[in-house]
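So the structure is just underneath, and the comments pick up after that.
There are 2 protein chains.
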Amino acid sequence: MGRWGNDARGRLEAAALALYAERGFEQTTVAEIAERAGLTERTFFRHFTDKREVLFSGAELLKTLIVDGVEDAPPDAPPMAAVMAGLEAAGAFFQASVPHSRQRQRVIDANTELQARELSKLATLSAAVANALRGRGVGDPVAGLTAEAGILVFKTVFGRWIGDAGPHDWSPLLWKTLGELRAVTASD
Amino acid sequence: MGRWGNDARGRLEAAALALYAERGFEQTTVAEIAERAGLTERTFFRHFTDKREVLFSGAELLKTLIVDGVEDAPPDAPPMAAVMAGLEAAGAFFQASVPHSRQRQRVIDANTELQARELSKLATLSAAVANALRGRGVGDPVAGLTAEAGILVFKTVFGRWIGDAGPHDWSPLLWKTLGELRAVTASD
Chain F
18 MGRWGNDARG
28 RLEAAALALY
38 AERGFEQTTV
48 AEIAERAGLT
58 ERTFFRHFTD
68 KREVLFSGAE
78 LLKTLIVDGV
88 EDAPPDAPPM
98 AAVMAGLEAA
108 GAFFQASVPH
118 SRQRQRVIDA
128 NTELQARELS
138 KLATLSAAVA
148 NALRGRGVGD
158 PVAGLTAEAG
168 ILVFKTVFGR
178 WIGDAGPHDW
188 SPLLWKTLGE
198 LRAVTASD
Chain Y
18 MGRWGNDARG
28 RLEAAALALY
38 AERGFEQTTV
48 AEIAERAGLT
58 ERTFFRHFTD
68 KREVLFSGAE
78 LLKTLIVDGV
88 EDAPPDAPPM
98 AAVMAGLEAA
108 GAFFQASVPH
118 SRQRQRVIDA
128 NTELQARELS
138 KLATLSAAVA
148 NALRGRGVGD
158 PVAGLTAEAG
168 ILVFKTVFGR
178 WIGDAGPHDW
188 SPLLWKTLGE
198 LRAVTASD
């Protein structure tokens, strides 16, 4: 059963997001989420450690997709090209669930603690990408800096991609944003 | 009285950092900080809202230095040059206190919650720089992306600057790192 199928996990996620949007993250309890999903609290805790994890349970999969993409890039690909391959692979993760991504982002934007958690997630992602680059034989400081630049591109693209005008196609947006980052770093 | 003078605030900061390094941030109480500084808890709370704020009380000044530097850059300076002017201005903030910066960073590196707070600080800094660019007539997405690139340079330089091999001269390190960022974004 897919992420948004009629399975317990998917129902819990949908119920949680709807409640966070309606009443705010702080004001929502696990009991309410379970009730809305027509399931028990026990089932909730079989899938998630707490109500925050509902919003961040995709982080591991996202990291795996990106890191695998970096590792699987052609051996002769330069560091940034390898990172872009990883970020392209992440597109599939989001493409399936635009309304979900939008709703999730609105919940996060409304809560300082969740924003901090999101920033930590991105920092972890950056460290994982840097490690993947080192595994490809890329030395420092290039590995760390390329990973950070890649995550900056990712963050920017994601913001645009779920923006009101969007969603656009993921991959062209990635390359456009990398081009813009390159342009601004040259403007001195 | 300067930041590291014999004033109450400076004594409290020094005592707090020493204790955080010795016993860990979590394990240190305000009472212990005040005692080490030879002051009362009441005096502590006149200067800081809590023990975390001791580590982040400089954030406002840092932001002011950087934003003022961006605003005061020559009107015809391109966006990244204006950001670099702001980051150059921040050098003075750190130059005076290398051992302090190093000790503070070690405390933060050892604590996940403090790391998250540091990331939030950088995000706030980036938003302030983007706003300063908009005030110079820079539109989006250039303003946001240039600010993010600038904060990435800042973060990278800071890490190098307090690294074991350092400290180096702040300004050359800034330009070197911007050049490296430009180079990695071009390597596709």
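Which chain is which? The protein sequence lines are F and Y, in order.
Read the first sequence against our numbering and you will find it ends at 205, with the numbers running on by one and no gaps.
Read the second sequence against our numbering and you will find it ends at 205, with the numbers running on by one and no gaps.
The beta-carbon is built from N, C-alpha and C at its ideal position, and this holds for glycine as well.
Because the structure is a prediction, the values reported are computed rather than measured.
Counted within 10 angstroms of its Cβ, other Cβ atoms place residue i as buried (16 or more) or exposed
i	result
ALA109 (chain Y)	exposed
VAL115 (chain F)	exposed
PRO96 (chain Y)	buried
THR129 (chain Y)	exposed
PHE61 (chain F)	buried
LEU169 (chain F)	buried
ARG40 (chain F)	exposed
ARG199 (chain Y)	buried
ALA113 (chain F)	exposed
ALA90 (chain F)	buried
Inter-residue Cα distance where the pair is residue i and residue j
i	j	result
PRO158 (chain F)	THR57 (chain F)	50 Å
VAL84 (chain Y)	ALA107 (chain Y)	10 Å
THR46 (chain F)	LYS68 (chain F)	8 Å
GLU105 (chain F)	PRO92 (chain Y)	38 Å
ARG59 (chain F)	ARG153 (chain F)	44 Å
LEU82 (chain F)	LEU34 (chain Y)	40 Å
GLY167 (chain F)	ALA25 (chain Y)	44 Å
PHE171 (chain Y)	ALA94 (chain F)	28 Å
SER118 (chain Y)	PHE175 (chain Y)	9 Å
PHE111 (chain F)	LEU139 (chain Y)	26 Å
THR202 (chain Y)	ARG63 (chain F)	43 Å
Own chain, CB closer than 7 Å to residue i, minus 5 neighbours either side, in chain order
i	result
VAL87 (chain Y)	ALA99, VAL100, ALA102, GLY103, VAL146, ALA149 and LEU150
GLY161 (chain Y)	ALA147
Sequence-distant residues of the same chain with beta carbon closer than 8 Å to residue i, five excluded per side
i	result
THR141 (chain F)	ALA76 and LYS80
LEU36 (chain Y)	THR45, GLU49, ILE50 and ARG53
PHE65 (chain Y)	LEU29, VAL71 and SER74
ARG177 (chain Y)	GLY183, HIS185, LEU190 and THR194
GLU43 (chain F)	ASN128
ALA38 (chain Y)	GLN120, ARG123 and VAL124
Residue i: CB within 8 Å of a non-hydrogen atom of the ligand FAD
i	result
ASN148 (chain F)	Within the structure as shown, the ligand FAD is missing, as the structure has no ligands at all.
Cutoff 6 Å; reference residue i; Cβ partners in own chain excluding five residues on either side
i	result
GLU165 (chain F)	SER143
ALA32 (chain F)	ILE50, ARG53 and ALA54
VAL155 (chain Y)	PRO96
TRP187 (chain F)	GLY108
THR173 (chain F)	THR194
Any chance the region 119-128 of chain F sits against the region 128-137 of chain Y, with 3 or more Cβ pairs inside 8 Å? no
Short-range partners of chain Y found in the region 136-163 of chain F, where Cβ spacing is below 7 Å: LEU136, SER137, ALA140, PRO158, VAL159, LEU162 and THR163
Beta carbons nearer than 7 Å to chain Y: which residues of the region 185-205 of chain F have them? LEU195, GLU197, LEU198, ARG199, VAL201, THR202, ALA203, SER204 and ASP205
Between the region 76-91 of chain F and chain Y, which residues of the former have CB atoms less than 9 Å from a CB of the latter, in chain order? none
Can you pull out the residues from the region 164-178 of chain Y whose beta carbon lies closer than 7 Å to at least one beta carbon of chain F? GLU165, ALA166, LEU169 and THR173
Can you confirm whether the region 184-195 of chain F touches the region 188-200 of chain Y when touching is taken to mean that 3 or more C-beta pairs between the two stretches lie within less than 8 Å? no
Residues of the region 90-124 of chain F with a CB closer than 8 Å to any CB of chain Y: list them in chain order, please. PRO95, PRO96, MET97, ALA98 and MET101
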